[in-house]
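J.:
2 protein chains.
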Amino acid sequence: MLHVGINGFGTIGKRVADAVRVQPDMTVAGVSKRSPNFEATIADDRGYDLYAAGEDGRVPFDAAGLDTAGTVHDLVEVSDVVVDTTPGGVGASNAEIYEDHDTPAIFQGGEDPDVADVSFVARANYDAAVGADSARVVSCNTTGLSRLFAPLEETYGIEKARVTLVRRGGDPGQTSRGPINDTLPDPVEIPSHHGPDVKTVFPDLDIDTMGMKVPTTQMHTHSVNVTLESTPSAEAVRELLGRESRLFLIPETLGIDGAGKLKEYTRDAGRPRGDVWENCIWAESVTVEDNDLYLFQAIHQEADVVPENIDAVRALSERTASARQSIDRTNDALGVGRGLVEHEGNAPRSTADD
Amino acid sequence: MLHVGINGFGTIGKRVADAVRVQPDMTVAGVSKRSPNFEATIADDRGYDLYAAGEDGRVPFDAAGLDTAGTVHDLVEVSDVVVDTTPGGVGASNAEIYEDHDTPAIFQGGEDPDVADVSFVARANYDAAVGADSARVVSCNTTGLSRLFAPLEETYGIEKARVTLVRRGGDPGQTSRGPINDTLPDPVEIPSHHGPDVKTVFPDLDIDTMGMKVPTTQMHTHSVNVTLESTPSAEAVRELLGRESRLFLIPETLGIDGAGKLKEYTRDAGRPRGDVWENCIWAESVTVEDNDLYLFQAIHQEADVVPENIDAVRALSERTASARQSIDRTNDALGVGRGLVEHEGNAPRSTADD
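One line per chain: the protein sequences are R and G, in this order.
Residues in the first sequence are numbered consecutively from 1, following UniProt numbering.
Residues in the second sequence are numbered consecutively from 1, following UniProt numbering.
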């Protein structure tokens, strides 16, 4: 049983902890939190050992009537692997702690790539992280693009990719972020950081990205163009993508026109927090003009990296024989693909049994 | 003096009427309206003769205490040229009226291309409309793309264009349109109608477009990729575009990050309604990677076609010698380019005097 510590219990951390909890080969060693806010009460309710990460230590937790088990150092001490889900930039300053304890560590995409030995997406480069001291699970957008590019590159070859990322302004709980009624080129300069970030996973990929920000909180939406090195039919591309366990091809018959209905669908399906772990690709948007492939996909910024973090834990700890084994185990335990109807072009989804 | 009738006095019609009013060679023959709403009181206040277009004729106007001068037939009778600004699809049903009166007519981009002899953008194909019986001023988005493509095609050649149009959900007054908090691929199918519509102006252009809809009301934002037939520097492209009188290169120093500040700027500058008649291109977004040009531009959906309608009036009526003469006269009378600082790469804007 792997004891996994989660340093930070915000948007990503709480999801990773809950995902660890349902894995057959992992247990939550504990979670850290700076302040006793509503998420701390959730950690307490779940029965996770709570470690105080703020400057005032356990004082504010005592005041809030929440028991703590120690400091972040104590958390690392009881962990076989640590997943650092602190805010972007903070993770790098924690790296020394993990090194001091000789504990493998996983960082998030908000950190610079050099924080870790490898930038990680399970479908693309699981093996590169096997046995490494640290891995950086790339951002939600980079994860979404990498999952898509992996089968396209393997099957058709990618000459060049051009993506416009229409990003949600903030998460549902981030009430101080904007815009309220505007569309912002963000950043105005091209390329956005997403293209270079994808290259941390696919070093040889030719990709240009443009970022925008809009007044939604639900999901990112990518407008994707991939100039392929061959010219498959749109139907062949749909079948290829439909065979990927972390890509969901939205059948036209579902009548899902945007992120709102997508998340209503996953809430209806009983997903925890209504999370959408899969890239959601509108099946009828998959279009091939000459060798230009186009499609739209929606990415749940709070959720798609969660199964990747689980796979990264297995890769660093060398407990699983292959990427496929880990991905299938994560999917099966978490419920990736579950509750979603299959697009008619989709082959049966892989499971831990096949 | 050209007597210009405006059939319809909504978002576009009221702007076209006000633009006609300030031209030295045109006068407003009258405007039509179906109901005596707030815009009818504006027409009355401006002193435009009001013609009743609804099924109940003048009755509702009488009840509202607004004088009417007759029906749409009467309006066409007193007009040398009619600009039809009725809702999309209604214009086509009015075509017979204009033909019966042998009156040249201008339609808007919401109509099918076959409603008129020519689909029109002054910078691209003014001469094609000279002396024609009818012209269709293409939609705001198609106008914005055509103004951009014309100098690029002439100077560098266009191998292929790929554009993602992130469209405002509705205009500020369209309170029943959505989305409120979502990003919609719209249409989900690729290409959106914009690519084929641009081809009504540039028949040989290779272009794929993807449309989206977001919860803003202010402007459309285009994420543009143009694969050129040559490889200019970004600075050369900025200089080329800066010389175009209906393209505004937003200097980075202005600190304008989106449509909100753009329109605040034009309101501060004293523009009528704060209208933005120009394509607004973020100067620092202009990027060339190999022969791929990228940029972001914002398009004010209520305003950019207004100067085009004025030029179309002149083209149909054959009153002006050249496209350049008409464009300069329209710009000068309306104030296109006025109140906007020049980007350092911009050459002096053309005026009626040069």
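Ideal Cβ positions, reconstructed from N, Cα and C, are used throughout, including at glycine.
List the residues of chain R whose Cβ lies closer than 7 Å to the Cβ of residue 257 of chain G, in chain order.
T.: Numbered from its first residue, the second sequence carries residue 257 of chain G at position 257. Near residue 257 of chain G (Cβ distances below 7 Å), the residues of chain R are 184.
J.: State yes or no: is the beta carbon of residue 260 of chain G nearer than 8 Å to at least one beta carbon in chain R?
T.: Position 260 of the second sequence, counted from the start, is the residue given in the question as residue 260 of chain G. Answer yes: the Cβ-Cβ gap between residue 260 of chain G and chain R drops below 8 Å somewhere.
J.: Rounded to whole angstroms, what is the Cα-Cα separation between residue 28 of chain G and residue 317 of chain G?
T.: In the second sequence, residue 28 of chain G corresponds to position 28, counting from 1. In the second sequence, residue 317 of chain G corresponds to position 317, counting from 1. Taking the straight line from one Cα to the other gives about 15 Å.
J.: Check residue 1 of chain R in the structure and name its three-state DSSP category.
T.: Here residue 1 of chain R is taken as the residue at index 1 of the first sequence, counted from 1. Looking at residue 1 of chain R - three-state DSSP - the assignment turns out to be coil, as it is neither helix nor strand.
J.: So what's residue 300 of chain R in DSSP terms, helix, strand or just coil?
T.: Here residue 300 of chain R refers to the residue found at position 300 when the first sequence is read from its first residue. DSSP places residue 300 of chain R in coil when its eight states are reduced to three.
J.: Starting from residue 26 of chain G, follow its DSSP beta bridges and name the residues at the other end.
T.: Locating residue 26 of chain G in the second sequence gives position 26, counting from the first residue. Residue pairing from DSSP places residue 26 of chain G in a beta bridge opposite G/2.
J.: I'd like to know if residue 289 of chain G contacts chain R, where contact means its C-beta is closer than 8 Å to some C-beta of that chain.
T.: Numbered from 1 along the second sequence, position 289 holds the residue referred to as residue 289 of chain G. True, the Cβ-Cβ gap to chain R drops below 8 Å.
J.: Hey, is residue 11 of chain G's beta-carbon within less than 8 Å of any beta-carbon in chain R?
T.: Stepping through the second sequence from its first residue, residue 11 of chain G is reached at position 11. Not one chain R Cβ lies under 8 Å of residue 11 of chain G.
J.: Please state whether DSSP places residue 126 of chain R in a helix, a strand or coil.
T.: Working through the first sequence from its first residue, we reach residue 126 of chain R at position 126. DSSP places residue 126 of chain R within a helical segment (H, G or I) once states are collapsed to three.
J.: CB-CB under 7 Å to residue 35 of chain G, same chain, minus the five flanking residues each way: which ones, in chain order?
T.: The sequence position of residue 35 of chain G within the second sequence is 35, counting from 1. Counting only Cβ-Cβ distances below 7 Å, and skipping sequence neighbours, we find 54 and 60.
J.: With a threshold of 8 Å on Cβ separation, who are the neighbours of residue 306 of chain G within its own chain once the five nearest residues in sequence on each side are excluded?
T.: If you number the second sequence from 1, residue 306 of chain G lands on position 306. So the qualifying residues of the chain are 12, 15, 16, 19, 275, 277 and 334.
J.: So residue 221 of chain R is in the beta strand (DSSP E); what residue range does that whole segment cover?
T.: Taking the first residue of the first sequence as position 1, residue 221 of chain R is located at position 221. Residues 220-228.
J.: On the three-state DSSP scale, how would you describe residue 177 of chain G?
T.: What you label residue 177 of chain G is simply residue 177 of the second sequence in a count that begins at 1. Residue state, collapsed to three classes: coil.
J.: Just the C-alpha distance for residue 225 of chain G and residue 158 of chain R, rounded to the nearest angstrom, thanks.
T.: By one-based count along the second sequence, residue 225 of chain G stands at place 225. By one-based count along the first sequence, residue 158 of chain R stands at place 158. Cα-Cα distance, rounded: 18 Å.
J.: Output the distance between the C-alpha atoms of residue 223 of chain G and residue 119 of chain G, rounded to the nearest integer angstrom.
T.: Residue 223 of chain G sits at position 223 when you count from the first residue of the second sequence. Residue 119 of chain G sits at position 119 when you count from the first residue of the second sequence. When rounded, the separation of the alpha-carbon atoms in residue 223 of chain G and residue 119 of chain G is 24 Å.
J.: Do residue 163 of chain R and residue 183 of chain G have their CB atoms nearer than 8 Å?
T.: Position 163 of the first sequence, counted from the first residue, corresponds to residue 163 of chain R. Position 183 of the second sequence, counted from the first residue, corresponds to residue 183 of chain G. No, the Cβ-Cβ distance between residue 163 of chain R and residue 183 of chain G is not below 8 Å.
J.: Is the Cβ of residue 238 of chain G closer than 8 Å to any Cβ of chain R?
T.: Taking the first residue of the second sequence as position 1, residue 238 of chain G is located at position 238. No, residue 238 of chain G does not count as interfacial toward chain R.
J.: Tell me whether residue 26 of chain R is buried or exposed, calling it buried when 16 or more other Cβ atoms sit within 10 Å of its Cβ.
T.: Within the first sequence, the letter at position 26 stands for residue 26 of chain R. Burial call: buried.
J.: Taking the beta strand (DSSP E) that residue 209 of chain R belongs to, which residues open and close that run?
T.: Mapped onto the first sequence, residue 209 of chain R falls at position 209. Taken as a continuous stretch (DSSP letters only), the beta strand (DSSP E) holding residue 209 of chain R covers 207-214.
J.: Taking its Cβ as the centre, do 16 or more other Cβ atoms sit within 10 Å of residue 9 of chain R, making it buried, or is it exposed?
T.: Within the first sequence, numbered from 1, the residue matching residue 9 of chain R stands at position 9. When all chains shown are included, residue 9 of chain R counts as buried.
J.: Could you name the residues that DSSP lists as bridge partners for residue 277 of chain R?
T.: Start at 1 with the first residue of the first sequence, and residue 277 of chain R comes out as number 277. DSSP lists no partner for residue 277 of chain R.
J.: Please confirm if residue 215 of chain R has its CB atom under 8 Å from at least one CB of chain G.
T.: As a working note, residue 215 of chain R is residue 215 in the first sequence. It does; some Cβ of chain G falls within 8 Å.
J.: With distances taken Cα to Cα, identify the nearest neighbour of residue 331 of chain R among R/142, R/240, R/270 and R/308.
T.: As a first step, residue 331 of chain R must be located in the first sequence, where it is residue number 331. Minimum Cα distance to residue 331 of chain R is reached at R/308.
J.: Got a sec: is the Cβ-Cβ distance from residue 179 of chain G to anything in chain R below 8 Å?
T.: To locate residue 179 of chain G, count along the second sequence from 1; it is residue 179. Interface residue, yes.
J.: What residue does the alpha helix (DSSP H) around residue 38 of chain R start on, and which one ends it?
T.: Numbered from its first residue, the first sequence carries residue 38 of chain R at position 38. Counting along the chain, the alpha helix (DSSP H) containing residue 38 of chain R begins and ends at 38-46.
J.: If we count Cβ pairs, one from each stretch, closer than 8 Å, do we get three or more for the segment 240-256 of chain G versus the segment 276-295 of chain G?
T.: A contact between stretches requires three or more CB pairs, one per stretch, nearer than 8 Å, and the segment 240-256 of chain G meets this requirement with the segment 276-295 of chain G.
J.: Taking Cβ positions only, does residue 266 of chain R come closer than 8 Å to chain G?
T.: Working through the first sequence from its first residue, we reach residue 266 of chain R at position 266. Not an interface residue.
J.: With 8 Å as the threshold, decide whether the Cβ of residue 340 of chain R is near any Cβ in chain G.
T.: Translated into positions along the first sequence, residue 340 of chain R becomes position 340. No, residue 340 of chain R lies away from the interface with chain G (no Cβ there is under 8 Å from its Cβ).
J.: Using a Cβ-Cβ cut-off of less than 8 Å, list which residues of the segment 272-287 of chain G approach chain R; keep chain order.
T.: 282, 284, 285 and 287
J.: Spell out a yes or no on whether the segment 199-211 of chain R and the segment 246-257 of chain R are touching, meaning 3 or more CB-CB pairs, one atom from each, closer than 8 Å.
T.: Between the segment 199-211 of chain R and the segment 246-257 of chain R, the count of Cβ pairs shorter than 8 Å is below three; the stretches do not touch.
J.: Taking the C-alpha atoms as reference points, what is the distance between residue 138 of chain G and residue 87 of chain R?
T.: Position 138 of the second sequence, counted from the start, is the residue given in the question as residue 138 of chain G. Position 87 of the first sequence, counted from the start, is the residue given in the question as residue 87 of chain R. Rounded to the nearest whole angstrom, the CA to CA distance from residue 138 of chain G to residue 87 of chain R is 47 Å.
J.: For the candidate residues R/187, R/125, R/239 and R/97, whose alpha-carbon lies nearest to that of residue 198 of chain R?
T.: For this step, residue 198 of chain R is matched to residue 198 along the first sequence. Ranking R/187, R/125, R/239 and R/97 by Cα distance to residue 198 of chain R puts R/125 first.
J.: With a Cβ-Cβ cutoff of 8 Å, do residue 283 of chain G and residue 338 of chain G count as a contact?
T.: Along the second sequence, read from residue 1 onward, the residue named residue 283 of chain G stands at position 283. Along the second sequence, read from residue 1 onward, the residue named residue 338 of chain G stands at position 338. No; because the gap between Cβ atoms is not below 8 Å, this pair is not in contact.
J.: Quick one: using the 10 Å Cβ neighbour count with 16 as the cut-off for buried, is residue 322 of chain R buried or exposed?
T.: Counted from its first residue, the first sequence places residue 322 of chain R at position 322. Sixteen is the threshold: since fewer than 16 other Cβ atoms of the shown chains lie within 10 Å of the Cβ of residue 322 of chain R, the residue is exposed.
J.: What are the start and end residues of the beta strand (DSSP E) that includes residue 146 of chain R?
T.: On the first sequence, position 146 is the one that residue 146 of chain R refers to. Note, residue 146 of chain R: premise wrong, no beta strand (DSSP E); alpha helix (DSSP H) at 140-155.
J.: Could you tell me whether the segment 136-155 of chain R touches the segment 105-116 of chain R, using the rule of 3 or more Cβ pairs below 8 Å?
T.: yes
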